[in-house]
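Chemist:
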Amino acid sequence: MTLAYDRLGNQGATQTIAFLHGFTQTRRSMHGLIGEMSALSTLFSAMTVDAPLHGESQQVATDVPGAADALVDTCGQAIYLGYSMGARICLHAALQHPTDVQALVLISGTAGIIDPAQRQHRQEADIELAAHVERVGTQQFITQWLAKPMFALLPDNPHDIAQRCTNSATSLATSLRMCGTGTQQSLWESLPSLSMPVLLIAGAHDEAFCQHARRIHELIGSNSTIHIVQDAGHSVHLEQTQATAQIITDWLATI
Numbered sequence: 001m002t003l004a005y006d007r008l009g010n011q012g013a014t015q016t017i018a019f020l021h022g023f024t025q026t027r028r029s030m031h032g033l034i035g036e037m038s039a040l041s042t043l044f045s046a047m048t049v050d051a052p053l054h055g056e057s058q059q060v061a062t063d064v065p066g067a068a069d070a071l072v073d074t075c076g077q078a079i080y081l082g083y084s085m086g087a088r089i090c091l092h093a094a095l096q097h098p099t100d101v102q103a104l105v106l107i108s109g110t111a112g113i114i115d116p117a118q119r120q121h122r123q124e125a126d127i128e129l130a131a132h133v134e135r136v137g138t139q140q141f142i143t144q145w146l147a148k149p150m151f152a153l154l155p156d157n158p159h160d161i162a163q164r165c166t167n168s169a170t171s172l173a174t175s176l177r178m179c180g181t182g183t184q185q186s187l188w189e190s191l192p193s194l195s196m197p198v199l200l201i202a203g204a205h206d207e208a209f210c211q212h213a214r215r216i217h218e219l220i221g222s223n224s225t226i227h228i229v230q231d232a233g234h235s236v237h238l239e240q241t242q243a244t245a246q247i248i249t250d251w252l253a254t255i
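Heads up, the sequence shown is in full-length UniProt numbering, so the first residue is 1 and it goes up one at a time.
(1) If you draw a straight line from the alpha carbon of residue 94 to that of residue 112, how long is it in whole angstroms?
(2) Does the count of Cβ pairs from the region 4 to 14 and the region 218 to 231 closer than 8 Å reach three?
(3) Tell me residue 6's beta-bridge partners as DSSP assigns them.
(4) The beta strand (DSSP E) with residue 225 in it runs from where to where?
(5) Is the region 188 to 196 touching the region 140 to 155, taking contact as three or more C-beta pairs under 8 Å?
(6) Check this for me: beta carbons of residue 16 and residue 87, under 8 Å apart or not?
(7) Out of 98, 234, 122, which one is the CA nearest neighbour of residue 107?
(8) Cutting at 6 Å between CB atoms, please list the residues of its own chain near residue 173, excluding the five before and the five after it.
(9) What's the C-alpha gap between residue 115 and residue 200?
(10) Which runs of the alpha helix (DSSP H) fall wholly inside the region 179 to 243 and span at least 4 residues, in chain order?
(11) Look at residue 82 and residue 212 and say whether their C-beta atoms are less than 8 Å apart.
(12) Would you call residue 152 buried or exposed, if buried means 16 or more other Cβ atoms sit within 10 Å of its Cβ?
(13) Measure from the alpha carbon of residue 180 to the alpha carbon of each residue in 137, 64, 26, 75, then state which is nearest.
(14) How many Å lie between residue 214 and residue 91 at the Cα?
(15) Taking 6 Å as the limit between beta carbons, can you name the residues of its chain near residue 125, skipping five residues before and five after?
(16) Give the straight-line distance between the Cα atoms of residue 67 and residue 56, rounded to the nearest whole angstrom.
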């Protein structure tokens, strides 16, 4: 099972970076970040991938472990970079396919919800939200979604909104039911098994995900690096694109 993707950067490079977006986005949301990463022009090729139930992969319906398998089937051996939902999928990919995930970048990522009762509560909330998406439709839901406080620092980008609105309400609702945070198994106990280089990035205004990043860093150990980006929230790579690109480019030079 493979996913829709674009190839950018140096097509002759031996090293690939696979980019996976967050919930409601498409693979094109990563193009701005890639454009700021000068190292890609000579050293790396990039694959920007549509996650299951998004973009041109809307026909692929699967859970988070299945999404991780599909991502690796699509990209093979690569450095994997994911944001939010994409980070959760990339983390699963690293644990399920450790020889294919040569290095890992998690932007605003989490290893899941530890407490079963809290996880069940989140799953129920995601199911309710899925029904809401189906009632109001994609355009109204995207407006409501981006009005959340976690996106307060996200610049207004009509092109980004238009891309998000290419996702059908049915696909977004199914994604919430199958790949929402409440459906994800807690991976915290498995983090020490990761041996590849790992870069963790979070925005300073997104305290919950800063805490997640610090805890992931602690559990993985010395092969992980953490950066908290100032003047940024949850969508740190869209809010502080140049700073995020520089962090990633500098880190790539060290692995």
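Glycine included, every Cβ here is placed at the ideal spot set by N, Cα and C. All of these numbers come straight from a predicted model, not from anything done at the bench.
Modeler: Short version:
(1) Sequence index remark: in the sequence shown, residue 94 carries index 94 (1-based). Sequence index remark: in the sequence shown, residue 112 carries index 112 (1-based). Whole-angstrom Cα-Cα distance: 15 Å.
(2) no
(3) For this step, residue 6 is matched to residue 6 along the sequence shown. According to DSSP, residue 6 bridges with 48.
(4) Translated into positions along the sequence shown, residue 225 becomes position 225. Counting along the chain, the beta strand (DSSP E) containing residue 225 begins and ends at 224 to 229.
(5) no
(6) For the purposes of this step, residue 16 is taken as the residue at position 16 of the sequence shown. For the purposes of this step, residue 87 is taken as the residue at position 87 of the sequence shown. Their beta carbons are not under 8 Å apart, which means residue 16 does not touch residue 87 by this criterion.
(7) Translated into the one-based positions of the sequence shown, residue 107 becomes position 107. Nearest C-alpha to residue 107: 234.
(8) Residue numbering aside, residue 173 sits at position 173 when the sequence shown is read from its first letter. Excluding positions up to five away in sequence, the list reads 130, 133, 134.
(9) The residue you call residue 115 lines up with position 115 of the sequence shown. The residue you call residue 200 lines up with position 200 of the sequence shown. Residue 115 and residue 200: Cα-Cα distance of roughly 23 Å.
(10) 207 to 220, 236 to 239
(11) As a position in the sequence shown, residue 82 is number 82, starting the count at 1. As a position in the sequence shown, residue 212 is number 212, starting the count at 1. Against a cut-off of 8 Å, the Cβ pair of residue 212 and residue 82 comes out as no contact.
(12) Residue numbering aside, residue 152 sits at position 152 when the sequence shown is read from its first letter. It is exposed - the Cβ of residue 152 has fewer than 16 other Cβ atoms within 10 Å.
(13) Stepping through the sequence shown from its first residue, residue 180 is reached at position 180. Cα-wise, what sits closest to residue 180 is 64.
(14) Taking the sequence shown and counting its residues from 1, the one referred to as residue 214 is at position 214. Taking the sequence shown and counting its residues from 1, the one referred to as residue 91 is at position 91. Distance between the alpha carbons of residue 214 and residue 91: 15 Å.
(15) As a first step, residue 125 must be located in the sequence shown, where it is residue number 125. So the list is empty, once near-sequence residues are dropped.
(16) Taking the first residue of the sequence shown as 1, we reach residue 67 at position 67. Taking the first residue of the sequence shown as 1, we reach residue 56 at position 56. Going from the Cα of residue 67 to the Cα of residue 56 covers about 14 Å.
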